[in-house]
Amino acid sequence: MIVADRKPFEEILDILGDAERILVSACNTCVTVCLVGGRREAALLASQLRIHAQEAGRTIEVRENSLERHCDREFLDALTEDLEWADVMLSTACGVGVNLVSDVNPTRRIAPAVNTTFLGATDVPGRWPCGGSQEGNCEVDKETPCAWQDIIERLDGQGRSAELEVFEPIKDWRPSHAGGRRRRIVEEVFAGDPEVSE
Amino acid sequence: MLGKDAAAFLCRNSGALVDAETPELLGDATRVTVPCGGRIDVLHLLKAVESGARTVVVVACHLDNCKSLSATDEAELRVARANALLVEAGSAARCAICRAAANAPADLRRALSEAIRPIGNRGSEAEEVTAA
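In order, the protein sequences belong to chains E and C. Under this note's numbering, the first residue of the first sequence is numbered 20, with each subsequent residue one higher. Under this note's numbering, the first residue of the second sequence is numbered 428, with each subsequent residue one higher.
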């Protein structure tokens, strides 16, 4: 998944400038999993913006919405009405999503609310590793062991380090979607059902 | 005693029971009873501030007197996060957590006093709770 960090609030305020109608749009995919840009985090940002405006004596309107993915055109139609209303849309999606929404809506002002950082898998909730290591630890966070280094050490320990030098054959994609419609029938479940076994 | 510009989220196993016996401790605060202090989210705290609260108090169980292993710890972390977000947003409103037990109103009195004093020092209108 794509991992991101929320931009500092001051930077977000600079981006917004004098905008009075602000749409905060969350993405329900990667940034939701890494707890940065899902509906909950978007709601927190929207609340912060309202509180900041109250303190400053400004009147703003903040709407919130969310899409399954900002990086997929088929979901972007749902933004149309809110985008027409808003002076600016703050997207809590990753850079891919922000770029696509901007491409599809070239006349609207779309701004990122997060900094896209790296690709990572979920190690434990709240901790996401990535590539690049020094002395066995992550380049980004010296406290995080490098997953790739762990693989090398594990293979070394098992006397299998030579396997790292072996070229892997090209993956056979024929069983995937490229091979056409797939069907798997568990015979003992559908035994005697002519419609299924045909 | 808390004023009208305060909101209190009360765990029904502790805070709400103390409040039922000694309502003067929370004064004019708007009360919200919740199933557990650990159910309070950062967003609930910010929404209370959005609604006009300058002091938001979560009254949850003591660590060793809670039906949940981690609820009070989680509530404390969320209060801290809410305060960090409020500071970022330039708000003088603050959140605090107080631990209480149904049979010990003095604990809540003391906890409120300790929790609200630093809020008062930051400019809130909340008054320091004094012993009855």
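Note that CB positions come from ideal geometry on N, CA and C, so glycine has one too. In this text the structure is predicted, and so the values were computed from the model without any measurement.
Compare the C-beta of A516(C) against all C-beta atoms of chain E and say whether one is closer than 8 Å. yes
Grab me the residues of S44(E)'s own chain with a C-beta within less than 6 Å of its C-beta, minus the 5 sequence neighbours each way, in chain order. N84, M108 and S110
Boundaries of the alpha helix (DSSP H) in which S66(E) is found, first to last residue: R58 to A75
Apart from the five residues just before and just after L490(C), which ones in its own chain have a Cβ nearer than 8 Å to its Cβ? T499, D500 and R526
Looking at the C-beta of L473(C), does it have a partner C-beta in chain E at a distance below 8 Å? yes
Positions along the segment 47-72 of chain E whose CB lies within less than 8 Å of some CB in chain C: R59, A62, L63, S66, Q67, L68, R69, I70 and H71
Cβ of V459(C) within 8 Å of any chain E Cβ: no
What in chain E is Cβ-close to E503(C), meaning under 7 Å? Ordered by position in chain E, no residue passes the 7 Å Cβ test against E503(C), which lies about 17 Å from the chain.
Using the Cβ count rule (16 or more neighbours within 10 Å means buried), how would you classify I31(E)? buried
Taking 8 Å as the CB-CB limit, is E39(E) close to chain C? no
Cutoff 8 Å; reference S518(C); Cβ partners in own chain excluding five residues on either side: V476
Tell me whether the beta-carbon of A535(C) lies closer than 8 Å to the beta-carbon of V485(C). The residue you asked about is not Ala; residue 535(C) is Leu in the sequence shown. Result no, Cβ atoms of L535(C) and V485(C) do not sit closer than 8 Å.
What residue does the beta strand (DSSP E) around C438(C) start on, and which one ends it? A433 to C438
A516(C) and Q177(E) look like a contact to me (Cβ under 8 Å); what is the Cβ gap, rounded to whole Å? Not really, about 53 Å apart at Cβ, beyond 8 Å.
Would you mind reading off the limits of the beta strand (DSSP E) that contains V133(E)? V133 to L138
So, is V22(E) buried or exposed, given that buried needs 16 or more other C-beta atoms within 10 angstroms? buried
For F152(E): DSSP bridge partner residues: At residue 152(E) the sequence reads Ser, which differs from the Phe that was named. Note: S152(E) sits in a beta bridge opposite C157(E).
With N47(E) and E87(E) assumed to form a contact (beta carbons below 8 Å), what rounded beta-carbon distance in angstroms separates them? 5 Å
Cβ pair A433(C), A456(C) closer than 8 Å: yes
Would you mind working out which of A509(C), S441(C) and G430(C) sits nearest S495(C), comparing C-alpha positions? S441(C)
Examine the Cβ distances between the segment 99-107 of chain E and the segment 58-76 of chain E and report whether three or more of them are shorter than 8 Å. no
Answer with buried or exposed for A435(C), where buried requires no fewer than 16 other C-beta atoms within 10 angstroms of its C-beta. buried
Helix, strand or coil, according to DSSP, for T457(C) in the structure here? strand
Please identify, using Cβ separations under 8 Å, the residues of the segment 483-514 of chain C that lie next to chain E, in order along the chain. L512 and L513
So, for L444(C): in the same chain, excluding its five sequence neighbours on each side, which residues have a beta-carbon less than 6 Å away from its beta-carbon? A529
Same chain only: Cβ atoms within 7 Å of N510(C), ignoring 5 sequence neighbours per side: R521 and C522
Using a cut-off of 7 Å between C-beta atoms, extract the partners of V476(C) located in chain E. I70
What is the residue span of the alpha helix (DSSP H) that N560(C) lies within? A question about residue 560(C) goes unanswered here, because the residues of chain C that appear run from 428 up to 559.
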